[in-house]
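**Q** First the structure, which I've put down as structure tokens, then a few questions once you've had a look.
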Amino acid sequence: MFAKAFRVKSNTAIKGSDRRKLRADVTAVFPTLGTDQVSELVPGKEELNIVKLYAHRGDAVTVYVSGGNPILFELEKNLYPTVYTLWSYPDLLPTFTTWPLVLEKLVGGADLMLPGLVVPPAGLPQVQKGDLCAIALVGNRAPVAIGVAAMSTAEMLTSGLKGRGFSVLHTYQDHLCPEGRQLDIKKSSYKKLSKFLQHMQQEQIIQVQELSKGVESIVAVDWKHPRITSFVIPEPSPTSQTIQEGSREQPYHPPDIKSLYCVPASMTLLFQESGHKKGSILEGSEVRTIVINYAKKNDLVDADNKNLVKLDPILCDCILEKGEQHTVMKLPWDSLLNRCLEKLQPAYQVTFPGQEPIVKKGKICPIDITLAQRASNKKVTVVRNLEAYGLDPCSVATILQQRCQASTTVTPAPGTKDILQVQIQGNQIHHLGRLLLEEYRLPRKHIQGLEKAPKPGKKK
């Protein structure tokens, strides 16, 4: 909505009656806010303005600005909080999480698609279609966007997390955010930035150097300084813990991953008698039962050898190669069933503890561990596809940094969309394998590259 510049129609101070009405509206729309919180959000005597504007698409929007910062906006008689307000009240709305790389797209005006969601082990917040939701980034509970759910949580899971999840109305860094007030050093006791920096340097919090003529730069920060370490982030409320549960606070539990099969167009005739059609998802046992019943129902079991199945035109078209059409007339049961499974399209089901199963087509990508050479012939360990197994790359990187005593970085995986990779200095596959196999209890078959761990007695 605010991805492009808007046109301001009017900017007027709010009247006393309108201020009281706004408080009543906020209380009605956001019942989780207490009386004191509503008074903080809509102050009784401080400056409060009503800004009427037209968004770039022509929508008429009313924005409420307190102390120079947009706190609420109204569209088609619906009241919405701004990102600025959600930073003060992060538990106001159910919060969904996405990857940092997605933010740039949201700021550019894109809606949030379901493949971009991060599903915590505790599950997604329960919402209905049309509910107002907040969107945060992995590793930071401060919301960066506000949107309306395009479907319920149950429908999201049923869809296999595909399609549009949220219609985004407002984001951090959009044109509504710049309307907010920036930190004005002139209104502080320091008056000038140079005096502020000088004071911080005198307290040995930072080091400032003039790296180029007339330009002072902060070259070091003492992160262990008492003024910094004494800064405390408020603990999340119980509501927030429920929404965010499954991140760092909750122990990781591996998902249950089941291989499935999808009926392609070329095999619909074989499966239609059992009530299935193109795109139907089946388990391996269901496929076997359907094929066995089909063969028995159509008298295809060889009378002289019960281990063989005669191939009718439908079976021939479904499972035989072109060169076999006139040469293969019968197949053993195991060969027939294996060929059917091979001709079906792969799919899989992922189920995290306490969640509804998520079904996706294709094969699940294994966690991929590789070694790469960097500058000065140094080795680094790179791991990808952690997200598919409900693992946060940033959290994994932090753990490995502590255990390996080596630097780690999290960067976008080359050639992918919205997927991150973790890079650790040195050959750390042994530590990574212990973390994934022993602590996270992920099956070895879903991890590739463990064989590249350093041999005992050799340098990493």
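For the record, in the sequence shown the residue sitting at position 372 is 1045 according to the working numbering, with numbers rising by one throughout.
Here a beta-carbon is modelled for each residue, glycine too, at the ideal position from N, C-alpha and C.
A quick note: this is a predicted structure, and the numbers were derived from the prediction, not measured.
Which partner residues of L933 appear in the DSSP bridge assignment?
**A** A1020
**Q** Residue range of the beta strand (DSSP E) that R837 falls in?
**A** R837 to T844 is the extent of the beta strand (DSSP E) around R837.
**Q** Quick check on DSSP: helix, strand or coil for D1041?
**A** strand
**Q** What's the gap between the Cα of L1010 and the Cα of L1115?
**A** 29 Å
**Q** Determine contact between the stretch 728-744 and the stretch 677-684, defined as no fewer than three beta-carbon pairs at a distance below 8 Å.
**A** yes
**Q** For R696, which residues from the same chain have a beta carbon less than 8 Å from its beta carbon, with the 5 sequence-adjacent residues on both sides left out?
**A** V711, S712 and V715
**Q** Contact between the stretch 798-812 and the stretch 1063-1075 is defined here as three or more beta-carbon pairs at a separation below 8 Å; is this criterion met?
**A** yes
**Q** Three-state secondary structure (DSSP) at Q945?
**A** helix
**Q** If you follow the alpha helix (DSSP H) that Y967 is in, where does it begin and where does it stop?
**A** G957 to K970
**Q** Mind listing, in chain order, the continuous alpha helix (DSSP H) runs of no fewer than 4 residues lying wholly within the stretch 1036-1101?
**A** 1066-1077
**Q** Roughly how many angstroms lie between the CA atoms of I1120 and L1108, to the nearest whole one?
**A** 12 Å
**Q** What does a CB cutoff of less than 7 Å around S840 pick up in its chain, not counting 5 residues either side in sequence?
**A** D784, G820, V821 and A823
**Q** Output the distance between the C-alpha atoms of K694 and P1087, rounded to the nearest integer angstrom.
**A** So the alpha carbons of these two residues sit roughly 52 Å apart.
**Q** Pull up the distance between the alpha-carbon of R1047 and that of P1005, whole angstroms please.
**A** 53 Å
**Q** Distance check for A1020 and Q799, CA to CA, integer angstroms please.
**A** 26 Å
**Q** Can you tell me where the alpha helix (DSSP H) holding A686 begins and where it ends?
**A** Premise fails: A686 lies in the beta strand (DSSP E), R680 to A686, not in any alpha helix (DSSP H).
**Q** Which term fits D1007, buried or exposed, when burial requires 16 or more other beta carbons within 10 angstroms of its beta carbon?
**A** So D1007 counts as exposed.
**Q** Taking the C-alpha atoms as reference points, what is the distance between P788 and C1038?
**A** 15 Å
**Q** Classify A976: buried if its beta carbon has 16 or more other beta carbons within 10 angstroms, exposed otherwise.
**A** exposed
**Q** Looking at T1024: is its Cβ nearer than 8 Å to the Cβ of D929?
**A** yes
**Q** First and last residue of the alpha helix (DSSP H) that includes Q875?
**A** DSSP places Q875 in the uninterrupted alpha helix (DSSP H) bounded by L866 to Q875.
**Q** What separation, rounded to the nearest whole angstrom, lies between the Cα atoms of K835 and S885?
**A** Roughly 51 Å separates the two Cα atoms.
**Q** Only counting the same chain, and skipping five residues up and downstream in sequence, which positions put a Cβ closer than 8 Å to that of I1072?
**A** L1108
**Q** Output the distance between the C-alpha atoms of L866 and L805, rounded to the nearest integer angstrom.
**A** 40 Å
**Q** Mapping DSSP to helix, strand and coil, what is N742?
**A** strand
**Q** So, at 8 Å on beta carbons, what are the nonlocal neighbours of R792 in its own chain, with the 5 sequence-adjacent residues on each side left out?
**A** One point to set straight first is that residue 792 is Val, not Arg, in the sequence displayed. If we look at V792 and ignore the five residues flanking it on each side, its Cβ neighbours are L834, F1025, Q1028, I1031 and G1063.
**Q** Out of I954, E946 and L849, which has the shortest C-alpha to C-alpha gap to K970?
**A** E946
**Q** If you count every other CB in all the chains shown that lies within 10 Å of the CB of L942, and 16 or more means buried, which is it?
**A** It is exposed - the Cβ of L942 has fewer than 16 other Cβ atoms within 10 Å.
**Q** Can you name the start and end residues of the alpha helix (DSSP H) that V894 belongs to?
**A** From DSSP, V894 is part of no alpha helix (DSSP H) but of the beta strand (DSSP E) over V888 to V894.
**Q** Between the Cα of E956 and those of D985, V817, L842 and L1017, spot the shortest distance and give me the residue it belongs to.
**A** L1017
**Q** When the Cα atoms are used, what is the spatial distance from H848 to K677?
**A** 6 Å
**Q** Please go through the same chain and pick out, in chain order, the residues whose beta-carbon is closer than 6 Å to the beta-carbon of N1058, but skip the five residues on each side of it.
**A** Once the five neighbours on either side are set aside, the close Cβ partners of N1058 are C1038, I1040 and D1041.
**Q** Under 8 Å, Cβ to Cβ, is there at least one residue of chain D near D990?
**A** This model lacks chain D altogether, as it is built from one protein chain only.
**Q** Please list, in chain order, all residues of the same chain as R680 whose beta carbon is under 8 Å from its beta carbon, the five residues on each side excluded.
**A** L726 and Y727
**Q** Quick check on DSSP: helix, strand or coil for A783?
**A** coil
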